[in-house]
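Colleague: I'd like to ask you about the structure that follows.
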Amino acid sequence: MKQVNLIPMSMREKIVQRRRLRSWGLYLSLYAACLALAGVAIRIGLLTGESNVSRQIEDEQTKMKLVQNEYIRDKALVADLRRQIDAANATGRHPNWGLLLDLVSQGLNDQTVLDGVELIRTRIEPAKVTPAKGSEATAKKPPAAARTEFTLALRGRSQSVEAMGHMLVELEKCNVFRQVKLGDNRRVDSTTESVIEFQVTCILDSTEPSPSTGEPK
Amino acid sequence: MKFPSYVGLDLAGRTLGMAQLSRNGNKFTVIEAAMVPKRDREAGLSAGDAQRVRELMANRRFAGDRIVATVPIDLQLLGSFEIPPPESGAPIGDITRAELAREAKVPENEIESDWWQLPATGKHGDATRAIVVGLAHDHGRALVNTLVEQGFEPVALDVRGLAILRACGHLLEGNGRVSTFVEIGDYSTLTCVCLNNTIVYYRRVDEGLETVIQDVMREMNVDAAVAEAMLESANTASDEMPAQVRDLNVLINTRLGQLAQTVRAAIAYASHRYPHAEIGNILVFGTGADALDVVPTFNEIIGVSLRRITLGDVCGDTSHPLHSKASLIPAAGLAMYGVAA
């Protein structure tokens with residue numbers, strides 16, 4: 171069927187151009203809107219991602235702080251325990267020398283006084299033993315450990331030789347010393363009295379003191 | 004999904020007719036149709052009426068702003084000329100435009116024109132002829148600019164007869180028959196004789212419903228509103244009608260008889276030109292067909308089966324409230340522009 175259009179050709183072209191312009195405007199607007207939406211979506215996504223990372227960093231930082239606090243607490247605990255150990259080592263593992271002095275004082279009499287007491291610690295290395303050839307028993311023995319020997323050096327005065335002797339006897343009787351030996355002694359006369367100055371060395375039994383009690387055997 | 008057609012805008016007469024359709028197989032569904040009384044009786048479309056159309060479209064179910072309008076019948080240039088045979092390769096478009104411009108006495112480059120070839124008569128020695136339609140550029144620009152200023156996108160300015168043929172062509176008897184459609188408008192009556200869906204004769208007389216109203220006003224000495232009311236009552240009058248109404252009917256039938264004579268003359272011309280073609284049916288519509296009972300008078304004078312058709316008949320859709328309007332057929336044909344086969 172015949173179809174005519176009597177719009178002037180020049181106007182038809184303008185109308186088509188206007189329509190195209192409007193279509194392009196519409197498409198561009200839609201495109202811009204889509205881009206804007208996509209941008210917003212990406213931005214939202216990034217923000218969400220950033221917030222997630224931030225939250226993770228905060229979580230990790232919190233965990234790190236907790237671990238650091240635990241470390242500090244544990245460190246303090248370790249230091250405290252170490253102090254306790256040191257204290258225990260300083261107190262518990264040493265002989266209770268007070269008991270020894272108590273024993274020594276019990277051996278004194280009213281005519282004898284001590285001017286000085288000195289405890290001397292001596293490390294005694296084990297003697298090197300050359301094992302005999304073919305001796306299995308000797309070969310199997312572990313090497314002897316070094317031992318510590320304590321010597322109590324007493325310095326004092328006594329009014330009489332008997333009193334000094336009595337003191338020596340009492341020291342021997344207490345079964346603490348392996349050896350009680352009278353050292354230098356001499357009579358000293360002064361204007362008021364006459365005394366005997368003496369030195370006694372008492373060698374303690376070399377057995378190690380018990381760590382549990384700290385007392386020498 | 005049904006896509007809406009362009010909005011068909013009929014500019015003729017006292018009322019602007021508008022229609023928008025959607026195609027549904029061989030039928031059309033009326034999406035929206037409306038009639039807007041024109042305020043300005045100038046040829047074409049005034050800015051005020053275009054604004055009213057714009058407002059109406061915004062408030063109704065019209066979709067889009069692409070419009071196909073009729074070329075106002077007063078501004079349309081029309082001619083029938085001999086043309087070289089199309090197979091000769093001659094620039095028939097240029098030739099017909101030149102002929103039309105010469106006849107209309109306008110510069111050749113100042114008109115837009117188109118043409119269609121008439122069917123061969125079968126008579127030995129008859130030249131090839133074409134009907135040429137055209138519109139002066141000034142009028143076309145003014146009409147397009149008026150529409151563009153209101154935000155419309157004018158798709159086409161169509162020829163009224165072709166728009167009507169597009170709408171009611173399927174109701175015309177084809178197969179070599181000479182069928183006719185008659186539009187009784189407000190100010191004019193258009194008669195198009197068709198052969199095999201081609202308009203072969205195009206006749207317009209400046210008599211229409213308004214002429215009848217003027218007759219009534221003059222003879223009955225009443226104003227226009229009363230005259231229109233009298234025409235409505237004349238349609239519903241019975242045999243026991245008062246003498247004044249009988250006189251009115253005589254007056255109406257006299258004028259309708261004159262119009263029928265022009266239709267008969269047009270058919271006679273086509274029959275003479277195409278002597279081998281039988282006479283087909285006649286379809287009548289338009290504001291005159293809405294206001295007047297034209298069928299009996301036309302039948303009596305022409306002597307051919309005549310049928311009044313409406314918007315519902317051409318679309319096959321009677322769901323719209325205005326489906327019974329015979330004056331919306333041109334608007335429907337315009338809406339079918341680019342859609343109908």
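Chains as they are written, first to last, in the numbering used here: chain S, 171 to 387; chain H, 4 to 344. We put the beta carbon where it would ideally sit given N, CA and C, even for glycine.
#1: Compare the C-beta of R189(S) with all C-beta atoms of chain H and state if any pair is closer than 8 Å.
#2: Give the DSSP bridge partners of P157(H), in chain order.
#3: Listed from N- to C-terminal order along the chain, which residues in the segment 105 to 121 of chain H have their beta-carbon within a distance smaller than 7 Å of any beta-carbon of chain S?
#4: Going by Cα to Cα distance, which pick from C195(H), S191(H), V248(H) and D189(H) is closest to S182(H)?
#5: Enumerate in chain order the residues of its own chain whose CB-to-CB distance from P88(H) is below 7 Å, with the five nearest sequence positions on each side excluded.
#6: Starting from L168(H), find everything on chain B with Cβ-Cβ shorter than 9 Å and list it in chain order.
#7: Does N252(H) come out as helix, strand or coil in the three-state DSSP assignment?
#8: So A273(H) and Y190(H) are in contact, right, with Cβ under 8 Å, and what is the actual spacing, rounded?
#9: Would you say V37(H) reaches chain S, if we count a Cβ-Cβ gap shorter than 8 Å as a contact?
#10: In the DSSP assignment, what residue or residues form a beta bridge with M21(H)?
#11: Mapping the DSSP letters down to three states, classify K351(S) as helix, strand or coil.
#12: Closer than 6 Å by C-beta to R69(H): which residues in its own chain qualify, once you throw out the five before and the five after it? Chain order, please.
#13: Assign Y395(S) to one of two classes, buried (16 or more other C-beta atoms within 10 Å of its C-beta) or exposed (fewer than that).
#14: From Q329(S) to G335(S), what distance separates their C-alpha atoms?
#15: On the DSSP bridge list, what partners appear for S180(S)?
#16: Checking 8 Å against the spacing of the C-beta atoms, do G82(H) and P178(S) come in under that value?
#17: When the Cα atoms are used, what is the spatial distance from S193(S) to L48(H)?
#18: So who's on the other strand from V283(S), going by DSSP bridges?
#19: Do A162(H) and V136(H) have their C-beta atoms closer together than 8 Å?
#20: For V196(H), decide whether its Cβ has a neighbour in chain S, counting only Cβ atoms nearer than 8 Å.
#21: Pull up the DSSP beta-bridge partners for K30(H), would you.
#22: On the three-pair Cβ rule with 8 Å, is the segment 288 to 298 of chain S touching the segment 319 to 328 of chain S?
#23: Does any residue of chain H have a CB that is nearer than 8 Å to the CB of N222(S)?
#24: Against chain H, with Cβ distances strictly below 8 Å, would M179(S) count as a contact?
#25: Compute the beta-carbon to beta-carbon distance between G177(H) and N200(H), rounded to the nearest angstrom, for a pair I have assumed lies under 8 Å.
#26: Over the uninterrupted beta strand (DSSP E) stretch that includes I134(H), give me the two end residues.
#27: Is any beta-carbon of chain S found at less than 8 Å from that of A351(H)?
#28: With a cut-off of 8 Å on the beta carbons, I'd call D218(H) and L259(H) a contact; round off their distance for me.
#29: Which chain S residues are close to A159(H), counting only those with a beta carbon under 7 Å from its beta carbon?
#30: What residues of chain H sit near I185(S), judged by a beta carbon separation below 9 Å?
#31: I want to verify the contact list: residues of chain S whose CB lies under 9 Å from the CB of V10(H), in sequence order.
#32: Between which two residues does the alpha helix (DSSP H) harbouring T321(H) extend?
#33: Return yes when the Cβ of A37(H) is within less than 8 Å of the Cβ of L59(H), no when it is not.
#34: Is it right to say A292(H) is buried, meaning 16 or more other beta carbons lie within 10 angstroms of its own, or is it exposed?
#35: For V287(H), report the span of its beta strand (DSSP E) as first-last.
#36: Residues in its own chain within less than 6 Å of T18(H) by CB, not counting five upstream and five downstream?
Modeller: Working from what's here:
#1: In the first sequence, counting from the first residue as 1, residue 189(S) sits at position 19. Chain H, which has a Cβ nearer than 8 Å to the Cβ of R189(S), makes this yes.
#2: The residue you call residue 157(H) lines up with position 154 of the second sequence. Beta-bridge pairing links P157(H) to I70(H).
#3: E115, D117 and W119
#4: Locating residue 182(H) in the second sequence gives position 179, counting from the first residue. The shortest Cα separation from S182(H) among C195(H), S191(H), V248(H) and D189(H) belongs to C195(H).
#5: As a working mapping, residue 88(H) is identified with position 85 in the second sequence. Answer for P88(H): T131, listed in chain order.
#6: The structure shown contains no chain B; the protein chains it does contain are S and H.
#7: One-based indexing of the second sequence puts residue 252(H) at position 249. N252(H) falls in the helix class under three-state DSSP.
#8: Translated into positions along the second sequence, residue 273(H) becomes position 270. Translated into positions along the second sequence, residue 190(H) becomes position 187. Incorrect: roughly 24 Å between the Cβ atoms, too far for contact.
#9: Here the question's residue 37(H) lines up with position 34 in the second sequence. Sequence inspection shows Ala at residue 37(H); the Val mentioned does not correspond to that position. No - not a single Cβ of chain S is within 8 Å of the one on A37(H).
#10: Residue numbering aside, residue 21(H) sits at position 18 when the second sequence is read from its first letter. Answer is L12(H) and A37(H).
#11: Taking the first residue of the first sequence as 1, we reach residue 351(S) at position 181. If DSSP states are grouped into helix, strand and coil, K351(S) belongs with the strands.
#12: As a working note, residue 69(H) is residue 66 in the second sequence. The answer, listed in chain order, is Y9, E156 and V158.
#13: Outside the displayed span of chain S (171 to 387) sits residue 395(S), for which this structure offers no information.
#14: As a working note, residue 329(S) is residue 159 in the first sequence. As a working note, residue 335(S) is residue 165 in the first sequence. Looking at the two C-alpha atoms, the distance is approximately 11 Å.
#15: Walking along the first sequence from the start, residue 180(S) turns up at place 10. Note: S180(S) sits in no beta bridge, so no partner.
#16: As a position in the second sequence, residue 82(H) is number 79, starting the count at 1. As a position in the first sequence, residue 178(S) is number 8, starting the count at 1. Their beta carbons are not under 8 Å apart, which means G82(H) does not touch P178(S) by this criterion.
#17: As a working note, residue 193(S) is residue 23 in the first sequence. As a working note, residue 48(H) is residue 45 in the second sequence. Approximately 27 Å, taken between the alpha carbons.
#18: Along the first sequence, one-based indexing puts residue 283(S) at 113. Per DSSP, R327(S).
#19: Along the second sequence, one-based indexing puts residue 162(H) at 159. Along the second sequence, one-based indexing puts residue 136(H) at 133. Checking the sequence, you will find Val at residue 162(H) rather than Ala. Closer than 8 Å, so yes.
#20: Numbered from its first residue, the second sequence carries residue 196(H) at position 193. No, V196(H) does not count as interfacial toward chain S.
#21: For this step, residue 30(H) is matched to residue 27 along the second sequence. DSSP lists N27(H) as partners of K30(H).
#22: yes
#23: Here residue 222(S) refers to the residue found at position 52 of the first sequence. Not one chain H Cβ lies under 8 Å of N222(S).
#24: Counting from one through the first sequence, the residue named residue 179(S) turns up at place 9. Cβ-Cβ to chain H under 8 Å: yes for M179(S).
#25: Looking up residue 177(H) in the second sequence gives position 174. Looking up residue 200(H) in the second sequence gives position 197. Between N200(H) and G177(H) the Cβ distance is about 6 Å, and since that is below 8 Å, they are a contact.
#26: Locating residue 134(H) in the second sequence gives position 131, counting from the first residue. Counting along the chain, the beta strand (DSSP E) containing I134(H) begins and ends at R132 to A139.
#27: Because chain H here runs from 4 to 344, residue 351(H) falls outside it and cannot be looked at.
#28: Within the second sequence, the letter at position 215 stands for residue 218(H). Within the second sequence, the letter at position 256 stands for residue 259(H). That belief does not hold up - the Cβ atoms of D218(H) and L259(H) are roughly 11 Å apart, past 8 Å.
#29: Within the second sequence, numbered from 1, the residue matching residue 159(H) stands at position 156. Neighbours of A159(H) on chain S, chain order: N175 and I177.
#30: Within the first sequence, the letter at position 15 stands for residue 185(S). What I185(S) touches in chain H: V147, V151, E156, P157 and V158.
#31: The count along the second sequence starts at 1 and reaches residue 10(H) at position 7. What V10(H) touches in chain S: nothing, since even the nearest Cβ is about 15 Å away.
#32: On the second sequence, position 318 is the one that residue 321(H) refers to. T321(H) -> no alpha helix (DSSP H), and no H or E assigned at all.
#33: Your numbering for residue 59(H) matches position 56 in the second sequence. Your numbering for residue 37(H) matches position 34 in the second sequence. Going by C-beta atoms, L59(H) is nearer than 8 Å to A37(H).
#34: Taking the first residue of the second sequence as 1, we reach residue 292(H) at position 289. By the 10 Å Cβ count, A292(H) comes out buried.
#35: Counting from 1 along the second sequence, the entry for residue 287(H) is found at position 284. Its beta strand (DSSP E) spans residues E281 to F288.
#36: On the second sequence, position 15 is the one that residue 18(H) refers to. Around T18(H): M38 and P40.
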